[in-house]
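Below: the structure, in structure tokens.
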Amino acid sequence: MKHILTPTLFIIATSASIAQVNLVPNPSFEDIINCPSGFGQIVCPLNTPYPFLQTVDKWISPVPNSPDYYNACTADPYADVPYNFMGYKPAHTGNAYAGIVVYSATAAGQQVGYQEYLQVPLDSALRAGQRYLVSCFARPAFVRDSFSAFKAMALQWINAGFSDNTVLQNNPPLLILSEVPMQDSAMEFIADTTGWTFIYGYYTARGGERWLTLGNFYNKYPPLIEIYPLNNTHVSSVHGYYMIDDVSVTAAPPCDTDVYSHDTTLCTYPALPYIMNSSATNANSYRWSNGGTSRTLATNGGGTYWCIAANDCDVIIDTYHIAYYTDTITTAIETVTCDTVHTFSSRPGAALYRWSTGDSTQNITVYQYGNYTCTSLVNCTLYIDEYDVSPLENLQAEGISLGNDTTLCSDAPLTIGRSYDFARSYRWSSGDTTCCITPSATGTYTLTVRDKCFEYRDSVHLHLQNCNNCIWVPNAFSPNRDGINDKLGVRTSCVVNNFSWHIYNRWGQLVFSTHDINTRWNGMFKADLAPVGTYYYHISYSTPISSGVQMLRGDITLLR
Numbered sequence: 006m007k008h009i010l011t012p013t014l015f016i017i018a019t020s021a022s023i024a025q026v027n028l029v030p031n032p033s034f035e036d037i038i039n040c041p042s043g044f045g046q047i048v049c050p051l052n053t054p055y056p057f058l059q060t061v062d063k064w065i066s067p068v069p070n071s072p073d074y075y076n077a078c079t080a081d082p083y084a085d086v087p088y089n090f091m092g093y094k095p096a097h098t099g100n101a102y103a104g105i106v107v108y109s110a111t112a113a114g115q116q117v118g119y120q121e122y123l124q125v126p127l128d129s130a131l132r133a134g135q136r137y138l139v140s141c142f143a144r145p146a147f148v149r150d151s152f153s154a155f156k157a158m159a160l161q162w163i164n165a166g167f168s169d170n171t172v173l174q175n176n177p178p179l180l181i182l183s184e185v186p187m188q189d190s191a192m193e194f195i196a197d198t199t200g201w202t203f204i205y206g207y208y209t210a211r212g213g214e215r216w217l218t219l220g221n222f223y224n225k226y227p228p229l230i231e232i233y234p235l236n237n238t239h240v241s242s243v244h245g246y247y248m249i250d251d252v253s254v255t256a257a258p259p260c261d262t263d264v265y266s267h268d269t270t271l272c273t274y275p276a277l278p279y280i281m282n283s284s285a286t287n288a289n290s291y292r293w294s295n296g297g298t299s300r301t302l303a304t305n306g307g308g309t310y311w312c313i314a315a316n317d318c319d320v321i322i323d324t325y326h327i328a329y330y331t332d333t334i335t336t337a338i339e340t341v342t343c344d345t346v347h348t349f350s351s352r353p354g355a356a357l358y359r360w361s362t363g364d365s366t367q368n369i370t371v372y373q374y375g376n377y378t379c380t381s382l383v384n385c386t387l388y389i390d391e392y393d394v395s396p397l398e399n400l401q402a403e404g405i406s407l408g409n410d411t412t413l414c415s416d417a418p419l420t421i422g423r424s425y426d427f428a429r430s431y432r433w434s435s436g437d438t439t440c441c442i443t444p445s446a447t448g449t450y451t452l453t454v455r456d457k458c459f460e461y462r463d464s465v466h467l468h469l470q471n472c473n474n475c476i477w478v479p480n481a482f483s484p485n486r487d488g489i490n491d492k493l494g495v496r497t498s499c500v501v502n503n504f505s506w507h508i509y510n511r512w513g514q515l516v517f518s519t520h521d522i523n524t525r526w527n528g529m530f531k532a533d534l535a536p537v538g539t540y541y542y543h544i545s546y547s548t549p550i551s552s553g554v555q556m557l558r559g560d561i562t563l564l565r
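Given below as structure tokens:
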């Protein structure tokens, strides 16, 4: 009898009350024919020579690809246990386990077909109509190498397939029709790289199945996520690789499953412990979501809790949705004042008031700066009001600033001053009463700002100048080595930045260029004397106090 079918039903078979015979021989890969001497040594009968390369007993690969066998008996560091090519990976049981590629694709996400499988004959054929629990422990693995051009993926499940006979195939992916997905109890991605994850599923037999195959079969790819390296865009392939241990196929007895849901809202402050009880009074085992193993669980906080209770046959699942208060509202109130005496009023009509000062009334008066909190409960809504009382002078301890004395262009006026949140008035030495002014003449400007209690003052001297025609270029020079007017340079009347000077001959050839304003042209071009004639220049520059790039063009005459 089955009262309800929900995803939580998958958890049932983890109970210790189900004690059945495991039909999988050598389930933990401990029995060997030969110790592995490297990677890929669980062989396929289609390969030759066979069986001379056999390592682990009973297990084979149904395709010519090469599942990996790890065992502490080997001297090869790549296939050893617990340390091997994948790092520190101890076995779940004993000293051995297997490893297979269950998914592979190009970087663009197209499956490329390379997959590996594990296949084993069962100790006895499955009985028709019998429901079986199929399980193993799985662990994703990869080499942590920042230079590797791959992404490691975690899958949501790994398939287990059943067949009457061994299924051998030259090209993967393998085609097996009778299969069941194995996943963890929370149906999440199998992504824990630090330990082993118990995954399982249930299979109802047709009857006569004698072979078990693990892997992902033709066009049966589960959802997957990237686990390493995150956000790497330089990849050439993606794959999912899992280590496998403790494989099991056992008969699953039919069980009743009862599911109960409890919704509770508590309106006490401070929060009192709430006792949750499993609906099963005499279960063999109890397992709570927080790890508890008794029938009862006490909590001081809201949230969702579940308990799975199991006896010899039945499973009882209780889910508690606990809420403390219908809502919790937090309000922050900042008060800046010149006075140390301040009165606060909390929310009216509360069933209780709890101030951080110890007071329990709606209103309190404080006599010093600081932080104060009031917790009140109104109609099952918890209000937390936070009051911050600060002295005004601390907020403006640095006063105001008009910046440094500066020189600026008369044709690009500068606005000085800014708005202050604390200001109640502004007064400039020019008579203006706004926060900001735009001076039109050279001089010293003083701003006085007042708040509720204090006055702040700062001054700045501005020098306005004409920023045009900062650079002057002579119209001729005579590089004849007589020591007079032999080199051509520029003269400046202001500070110049981002200077660039290019000189061209009448054919448009660049004969001279520089970004150094102090560098002059000596009249040479390609190690020879430049011909007498007219040359053309192009100068670009900027100044610290002007916006944009200034352009200057003209011509010069070279004489000898």
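Residue numbering for the sequence shown follows our numbering, starting at 6 and increasing by one per position.
Every residue gets a Cβ at the ideal spot worked out from N, C-alpha and C, and that includes glycine.
Computed from a prediction, not measured in an experiment: that's the story for all the values here.
From the listed residues 540, 227, 130, the smallest Cα separation to residue 185 is found for 227.
Of all C-beta pairs linking the region 244 to 262 to the region 293 to 313, fewer than three are shorter than 8 Å, placing the two stretches out of contact.
Taking a cut-off of 8 Å on C-beta distances, the region 60 to 74 does not touch the region 158 to 165, as fewer than three cross pairs fall below it.
Excluding five sequence positions before and after residue 83, the CB atoms of its chain that fall closer than 8 Å to its own CB belong to 43, 44, 89, 90, given in chain order. Taking 3 residues as the minimum length, the beta strand (DSSP E) runs contained wholly in the region 430 to 485 are 430 to 433, 448 to 455, 460 to 470, in order along the chain. Around the Cβ of residue 47, a 10 Å sphere holds 16 or more other Cβ atoms; the residue is buried. Nearest in C-alpha terms to residue 197, of all of 525, 142, 49, 268, is 142. Here residue 188 carries a strand assignment [DSSP, helix/strand/coil].
Note on geometry: alpha-carbon atoms of residue 109 and residue 207 lie some 26 Å from one another. Taken atom to atom, the span from the alpha-carbon of residue 214 to that of residue 131 is near 5 Å.
Proximity of the region 438 to 455 to the region 327 to 346 falls short of the contact definition, fewer than three beta-carbon pairs being nearer than 8 Å. Rounded to whole angstroms, the Cβ separation of residue 505 and residue 544 is 7 Å, and the two are in contact under 8 Å. Under the DSSP definition of a beta bridge, residue 359 partners with 380.
Between residue 344 and residue 404 a beta carbon distance of about 21 Å is seen, past the 8 Å cut, so the two are scored as non-contacting. Residue 315 is classed as buried because its beta carbon has at least 16 other beta carbons within 10 Å across all chains shown. With respect to the C-alpha of residue 104, the residue from 125, 144, 136, 133 having the closest C-alpha is 144.
With a cutoff of 7 Å on beta-carbon distance, residue 175 and residue 221 are scored as not near each other. The alpha-carbon separation between residue 270 and residue 68 amounts to approximately 58 Å. Between the alpha carbons of residue 296 and residue 169 lies a gap of roughly 41 Å. DSSP, reduced to helix, strand and coil, places residue 68 outside both helices and strands of the structure shown, so it counts as coil. Just measuring C-alpha positions, the residue of 268, 361, 422 sitting nearest residue 324 is 268. Rounded to the nearest angstrom, the gap between the Cα atoms of residue 107 and residue 178 is 10 Å. The straight-line gap separating the alpha-carbon atoms of residue 29 and residue 311 is approximately 33 Å. Here residue 475 is buried. Its C-beta has 16 or more other C-beta atoms within 10 Å. Straight across, the Cα-Cα distance linking residue 439 with residue 457 is about 17 Å.
Between residue 205 and residue 192, the gap from beta carbon to beta carbon reaches 7 Å or more. Residue 327 counts as buried, since no fewer than 16 other beta carbons sit within 10 angstroms of its beta carbon.
Around residue 78, the same chain offers 40 as residues with beta carbons nearer than 6 Å, after the five sequence neighbours per side are excluded.
Judged by DSSP secondary structure, residue 391 falls within the beta strand (DSSP E) whose first and last residues are 386 to 396. In the three-state reduction of the DSSP assignment, residue 323 falls in the strand class. Measuring C-alpha to C-alpha distances from residue 356 to each of 409, 347, 272, 289 identifies 272 as the nearest. Between residue 102 and residue 281 the beta-carbon gap is near 39 Å, outside 8 Å, which marks them as no contact.
Residue 51 is not a Cβ neighbour of residue 180, given a cutoff of 7 Å.
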